[in-house]
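Residue numbers (the UniProt record's numbering): 1 to 638. From the three backbone atoms N, C-alpha and C, an ideal C-beta is built for every residue, glycine too.
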């Protein structure tokens, strides 16, 4: 029987091994490619392929970027003459198989029983996907290249609890290829193109899937979106089933009503909320808004808030959040889709209002923003609890689909936790939240304070329960524990029942936590702390983000959020060399005026950068990218 520490070591070794064995998609193969026949021969037997494809196209994770009926017809033709198929189509097949195998592997890695069938190895399938992409010259914008790349990208996130810059770099490749192929322009605006109505609709589906992935992944990585919106006019896809359109269709049918739950409805609804999220990011992180001498216009903030709430209220009722315990008749996919859209909405509210948590705090006109941000953060942590309860046991409602809670969702929970941390740190300095006690001490009797601390304690326990398998979870658990310890050392929180908060006893309950986190836990509530630094505290704060965390705990208004965010988003790698954003080369602190700069890791990057310069597009004489794939293999499936 292995210990949790052994599990962590084994997990890290397997992760390193997988990274070493996979082919680098950007740099190409490090050894000669196999022949196309050898790639075909490496496919699993057809019965296994049939089963895996069925699992994908009937699963909640399917994106509407592949037309199921068209793909099935191509799949049948492929088995009649496999070696004549386009390498990129074969790569698409491998990428789908790899996604399903990743799901199976993720399920096995979190299942304690040993009677499970072994999952299909993922690394060979992903390697064959890359080999097909290289063999098919995907950089030449050939047919099936974009779909294959998107599926390959999704495979990097399935079952992975931690974020990675690899996906963000690959996202840049996908965006450049899509823009070179003209996906950013709506087919109806390209009067001289030969894009059919069917292909035009599929392009809309793919483009908006790419747009959403770029916004979310870039935000998670602390980087600006890589898609300049002023160059894009692609309309949202229509609410249609795959049966409603086919390659030879001459005119697209009108959209089905929003009450019809089609594979495209989730994308359509999310597009509206995502567009508002992008506007929030532009408003809060533009270079003109980053200075305290020229802060974001508060009337614009309030206007965006109203439009954001109106947008969420207008999405179909089918996709609005309902408690999981009231959704037993619904599919897991619909529940997750509902949760994803609501989390995106709540994240937008937090990002829009968070700068007012500890700036202009004494301005009563900003009270609306502070309440909106805190309430949104509490709602996000409530969803974290619901999803954790629904996925953590064999009888959980979403246990069989627990792999769907990816690192993108986890980042929303961490962001909400940081909001609560900051609010708690400010309240600790607020006389209105303390009842009379010793000088500088007191008892926190505010119900608001107690509610925040309860939410933070619960979130910390959830992160700690996942720390054996996730670097980000370990970092989050430690970070929140530092905040909780500081609160418990300086206050005695009292509930209406008179019951006191007990410390987390993390040291004895979670032995799979790193030593620093375990040793930072208190053995009891300190009502009369001594102003001394213990050996445990020294070890707990011996971390790259210790200074920033200290600022948070003391409620400093010069909080270096960019540094903390950068570390939390990249727990698997060392901090970059040189001075961190917000610090001068001499080591003196240069405070961020917008301390919530999740996208300000390097705001020297122009969000509205020139499309010609940044994308290296192959532009025609009209200045537009080519709107037609170079499909020299297209005849194979005709």
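Candidates 269, 126, 157, 191: which alpha carbon is nearest residue 311's? In the chain shown, counting from the first residue as 1, residue 311 sits at position 311. Checked all of 269, 126, 157, 191; the closest Cα to residue 311 is 269.
Take the Cβ of residue 95 as the centre, count every other Cβ of all protein chains shown within 10 Å, and call the residue buried at 16 or more, exposed below. For the purposes of this step, residue 95 is taken as the residue at position 95 of the chain shown. Residue 95 should be labelled buried.
Can you tell me which of the three DSSP states residue 394 falls into? Numbered from 1 along the chain shown, position 394 holds the residue referred to as residue 394. It is coil, neither helix nor strand.
Between the CA atoms of residue 83 and residue 36 - distance to the nearest angstrom: For this step, residue 36 is matched to residue 36 along the chain shown. For this step, residue 83 is matched to residue 83 along the chain shown. Cα to Cα, residue 36 sits roughly 7 Å from residue 83.
Can you give the Cα-Cα distance for residue 417 and residue 158, rounded to whole angstroms? Counting from 1 along the chain shown, the entry for residue 417 is found at position 417. Counting from 1 along the chain shown, the entry for residue 158 is found at position 158. Between residue 417 and residue 158, the C-alpha separation is close to 24 Å.
Proximity of residue 249 and residue 316 at Cβ, strictly below 9 Å: As a position in the chain shown, residue 249 is number 249, starting the count at 1. As a position in the chain shown, residue 316 is number 316, starting the count at 1. For residue 249 and residue 316, no; Cβs fall outside 9 Å.
Assign residue 639 to one of three DSSP states: helix, strand, or coil. Because the chain is modelled from 1 through 638, residue 639 falls outside the range shown and cannot be assessed.
What is the DSSP secondary structure of residue 284, reduced to helix, strand or coil? For the purposes of this step, residue 284 is identified with residue 284 of the chain shown, where counting begins at 1. Residue state, collapsed to three classes: helix.
In the DSSP assignment, find the unbroken alpha helix (DSSP H) run with residue 151 in it and report its ends. For the purposes of this step, residue 151 is taken as the residue at position 151 of the chain shown. From DSSP, the alpha helix (DSSP H) with residue 151 extends over 145–157.
Would you kindly work out how many angstroms separate the C-alpha atoms of residue 208 and residue 271, rounded to a whole number? Here residue 208 refers to the residue found at position 208 of the chain shown. Here residue 271 refers to the residue found at position 271 of the chain shown. The alpha-carbon atoms of residue 208 and residue 271 are separated by roughly 7 Å.
Quick test of your reading: residue 337 and residue 319, contact by CB under 8 Å. State the CB separation rounded to the nearest angstrom. One-based indexing of the chain shown puts residue 337 at position 337. One-based indexing of the chain shown puts residue 319 at position 319. That belief holds up - the Cβ atoms of residue 337 and residue 319 are roughly 6 Å apart, short of 8 Å.
Determine the closest residue to residue 342 out of 399, 262, 409, with distance taken between C-alpha atoms. As a first step, residue 342 must be located in the chain shown, where it is residue number 342. Closest by alpha carbon: 409.
C-beta atoms of residue 237 and residue 60 nearer than 9 Å: For the purposes of this step, residue 237 is taken as residue 237 along the chain shown, with counting starting at 1. For the purposes of this step, residue 60 is taken as residue 60 along the chain shown, with counting starting at 1. Contact flag unset, no.
Answer yes if the stretch 369–383 comes into contact with the stretch 343–356, meaning at least three C-beta pairs across the two stretches below 8 Å, and no otherwise. yes
Cα separation between residue 339 and residue 202? For the purposes of this step, residue 339 is taken as residue 339 along the chain shown, with counting starting at 1. For the purposes of this step, residue 202 is taken as residue 202 along the chain shown, with counting starting at 1. Straight-line Cα distance between these residues: approximately 25 Å.
For the stretch 260–344, list the alpha helix (DSSP H) runs that are entirely contained and at least 4 residues long, ordered along the chain. 265–285, 298–314
If you reduce the DSSP assignment to three classes, tell me which class residue 128 lands in. Your numbering for residue 128 matches position 128 in the chain shown. Looking at residue 128 - three-state DSSP - the assignment turns out to be helix.
Mapping the DSSP letters down to three states, classify residue 195 as helix, strand or coil. Within the chain shown, numbered from 1, the residue matching residue 195 stands at position 195. Here residue 195 sits in coil by DSSP.
So is residue 192 buried or exposed if we call it buried at 16+ other beta carbons inside 10 Å? Walking along the chain shown from the start, residue 192 turns up at place 192. With fewer than 16 Cβ atoms within 10 Å of its Cβ, residue 192 is classed as exposed.
Three-state secondary structure (DSSP) of residue 81: By one-based count along the chain shown, residue 81 stands at place 81. Note: residue 81 maps to coil in three-state DSSP.
Return the first residue and the last residue of the alpha helix (DSSP H) that residue 227 is part of. Within the chain shown, numbered from 1, the residue matching residue 227 stands at position 227. First-last for residue 227: undefined, no H or E at that position.
Compute the beta-carbon to beta-carbon distance between residue 398 and residue 332, rounded to the nearest angstrom, for a pair I have assumed lies under 8 Å. Position 398 of the chain shown, counted from the start, is the residue given in the question as residue 398. Position 332 of the chain shown, counted from the start, is the residue given in the question as residue 332. With 8 Å as the limit, residue 398 and residue 332 qualify as a contact, their Cβ atoms being about 6 Å apart.
In three-state DSSP terms, what is residue 380? Taking the first residue of the chain shown as position 1, residue 380 is located at position 380. Residue 380 falls in the helix class under three-state DSSP.
I need the straight-line Cα distance from residue 449 to residue 463, nearest angstrom please. Reading the chain shown from its first residue, position 449 is the one you call residue 449. Reading the chain shown from its first residue, position 463 is the one you call residue 463. Answer to the nearest angstrom: the Cα atoms are 21 Å apart.
Beta-carbon proximity of residue 136 to residue 88, cut-off 9 Å: As a working note, residue 136 is residue 136 in the chain shown. As a working note, residue 88 is residue 88 in the chain shown. Going by C-beta atoms, residue 136 is nearer than 9 Å to residue 88.
On the three-pair Cβ rule with 8 Å, is the stretch 245–261 touching the stretch 271–282? no
Would you decide whether residue 79 is buried or exposed? Buried here means 16 or more other CB atoms lie within 10 Å of its CB. For the purposes of this step, residue 79 is taken as residue 79 along the chain shown, with counting starting at 1. That one is exposed.
Quick check on the burial criterion: 16 or more other C-beta atoms within 10 angstroms. Buried or exposed for residue 394? Your numbering for residue 394 matches position 394 in the chain shown. Exposed, because fewer than 16 other Cβ atoms sit within 10 Å of the Cβ of residue 394.
Evaluate residue 362 with the Cβ neighbour count: other Cβ atoms within 10 Å of its Cβ, from every protein chain shown; 16 or more gives buried, anything less gives exposed. Working through the chain shown from its first residue, we reach residue 362 at position 362. With fewer than 16 Cβ atoms within 10 Å of its Cβ, residue 362 is classed as exposed.
Using DSSP with H/G/I as helix, E/B as strand and the rest coil, what is residue 405? Counting from one through the chain shown, the residue named residue 405 turns up at place 405. Here residue 405 sits in coil by DSSP.
9 Å is my cut-off, CB to CB: does residue 237 come that close to chain C? Checking the listed chains, one finds no chain C in this structure; it contains a single protein chain.
Considering just the uninterrupted stretch of the alpha helix (DSSP H) at residue 52, what are its terminal residues? Taking the chain shown and counting its residues from 1, the one referred to as residue 52 is at position 52. Run containing residue 52: 46–57, per the alpha helix (DSSP H) assignment.
Residue range of the alpha helix (DSSP H) that residue 460 falls in? For the purposes of this step, residue 460 is taken as residue 460 along the chain shown, with counting starting at 1. Residue 460 -> alpha helix (DSSP H) spans 447–465.
DSSP on residue 95, reduced to helix/strand/coil? On the chain shown, position 95 is the one that residue 95 refers to. The answer is helix: DSSP assigns residue 95 an H, G or I state.
Could you check where the alpha helix (DSSP H) with residue 38 kicks off and where it finishes? Sequence index remark: in the chain shown, residue 38 carries index 38 (1-based). From DSSP, the alpha helix (DSSP H) with residue 38 extends over 36–41.
Can you tell me which of the three DSSP states residue 487 falls into? Reading the chain shown from its first residue, position 487 is the one you call residue 487. Note: residue 487 maps to helix in three-state DSSP.
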